[in-house]
Amino acid sequence: MIFLDKNSHKILHALDIHKRDMLVRINQFKSHASVPIEIRDFFTDDRILKLLISEPRDLIDLNENFLNDIPSHSFAEWNQYLLLKKRTRDNPAEIALFDKYQLLERQLNLIFRYSHSIESSKFTAKTIKKYSAYHLADNLDIQTCVYCNRIYTKTVTKPHKTTRPQFDHWFPKSRYPMLALSFFNLIPSCNICNSSLKGDVDFNIDTMIHPYIHSDIKMKFSYRLNSYAKQEFKINRVIGSEEDQTINAFKLEEIYKTHEDELDDLILLKKRYSLNYLLNLRKILNPTKERITVKELYRLAFGVYPDEKDFHKRPLSKMKRDILEELKMKID
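Adding 6 to a residue's 1-based position in the sequence shown gives its number in the working numbering.
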């Protein structure tokens with residue numbers, strides 16, 4: 007799991023472009039003939055901007071408040087509707103409530119159209135320059151999955167839009183259609199974490215890690231001998247904590263066990279090359295005009311970045327840094 011600093015220059019720049027382009031797009035969408043005038047009038051520029059730029063905890067409050075403020079609707083009834091979607095409606099009152107909120111959901115999906123706003127894969131000479139998920143991913147410049155830090159999620163846009171990360175809706179758009187285009191609800195991730203593991207699961211912001219909120223993530227990769235006398239990964243954390251529940255949701259401990267060859271390599275590196283060897287190597291290399299830095303030596307020796315703010319640049323950086331510290335191979 008990687009912390010995303012909302013105050014970093016790149017994220018602030020990405021947010022500014024996102025809100026500018028999405029405000030125009032949403033105003034176009036809300037003029038659709040199927041959206042009634044009272045819904046159009048409700049979503050003023052001020053309300054749209056709040057939905058686009060508010061931070062995660064504020065988004066939950068906005069969603070509830072707006073559902074209560076939309077004429078003739080309420081947050082309580084919306085939650086009843088979500089429950090009714092999962093079962094047969096048994097009486098006329100339930101059918102009426104279901105029909106009422108199914109219509110509202112369709113209208114909200116028309117206004118906050120993720121699939122037609124930034125997700126669309128239909129690029130032509132006319133549309134290719136329009137703001138899309140590729141622009142958002144390129145502006146964020148997050149190189150690996152925020153949830154697992156195992157898989158590259160690099161964005162390739164030239165000469166054609168080729169590949170990019172998926173964007174997980176931390177608050178699923180099936181339950182929160184108004185948050186479908188909210189900047190801090192779009193988390194760059196890999197297909198496995200987004201589609202295979204999380205999907206439409208409704209995470210609780212008070213019990214799970216949110217990448218834009220939790221800067222001090224208390225989890226540490228370690229290792230142990232298993233019953234077959236082979237080294238295997240473990241992730242140290244407080245059971246029942248936000249970290250624990252998020253690790254379990256994304257099956258991180260189980261998935262990282264498929265990378266135990268990386269653990270074997272680090273242990274072998276420790277056996278064959280001492281920390282002093284690496285530091286002496288730096289001294290040998292440093293007479294050159296361009297002196298090698300400690301960070302560069304770390305990256306060259308271990309293939310990853312030592313600083314948390316750079317973990318996203320290489321897969322497995324967090325895991326390798328933690329294991330190297332345990333092996334007393336940290337370069338200061």
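We treat Cβ as the ideally placed atom computed from N, Cα and C, and that holds for glycine.
Query                                                                                                                                             : Result
Need the endpoints of the alpha helix (DSSP H) that residue 86 sits in, please.                                                                   : 81-90
For residue 212, list the residues DSSP reports as bridge partners.                                                                               : Answer is none; residue 212 lacks a bridge partner.
Roughly how many whole angstroms lie between the Cα atoms of residue 113 and residue 325?                                                         : 44 angstroms
From the DSSP secondary-structure annotation, give me the bridge partner or partners of residue 226.                                              : 242
Secondary structure at residue 175, three-state DSSP: helix, strand or coil?                                                                      : strand
Going by the CB atoms, is the gap between residue 54 and residue 29 shorter than 7 angstroms?                                                     : yes
State the Cα-Cα distance for the pair residue 139 and residue 170, rounded to the nearest angstrom.                                               : 8 angstroms
Could you check how far apart the C-beta atoms of residue 276 and residue 333 are, in whole angstroms? I think they sit under 8 angstroms.        : 5 angstroms
I need the boundaries of the beta strand (DSSP E) containing residue 77, first residue and last residue.                                          : Residue 77 -> no beta strand (DSSP E), and no H or E assigned at all.
Per DSSP, residue 192 forms a beta bridge with which residues?                                                                                    : 175
Mind reading off the beta-carbon distance from residue 152 to residue 8? Whole number of angstroms is fine, and I expect it under 8 angstroms.    : 5 angstroms
Name the two residues that bound the continuous alpha helix (DSSP H) containing residue 145.                                                      : 139-146
Given 8 angstroms as the limit, is there contact between the region 143-158 and the region 190-203, that is, 3 or more CB pairs closer than that? : yes
Which residue from 281, 87 and 109 puts its Cα closest to that of residue 99?                                                                     : 87
From this set, 66, 45 and 27, which residue's C-alpha is nearest residue 210's C-alpha?                                                           : 66
Taking 7 angstroms as the threshold (C-beta atoms), are residue 269 and residue 335 in contact?                                                   : no
Cα-Cα, which of 201, 81, 37 and 16 is closest to residue 118?                                                                                     : 37
Can residue 183 and residue 115 be called in contact, C-beta distance under 7 angstroms?                                                          : yes
Do residue 260 and residue 224 have their beta-carbon atoms positioned less than 7 angstroms apart in this structure?                             : no
Is the separation between the beta-carbon of residue 190 and that of residue 61 shorter than 7 angstroms?                                         : yes
Which two residues bound the contiguous alpha helix (DSSP H) that contains residue 325?                                                           : 323-332
Are residue 104 and residue 95 touching if we call contact CB-CB under 7 angstroms?                                                               : yes
Would you identify the three-state DSSP class for residue 310, choosing helix, strand or coil?                                                    : coil
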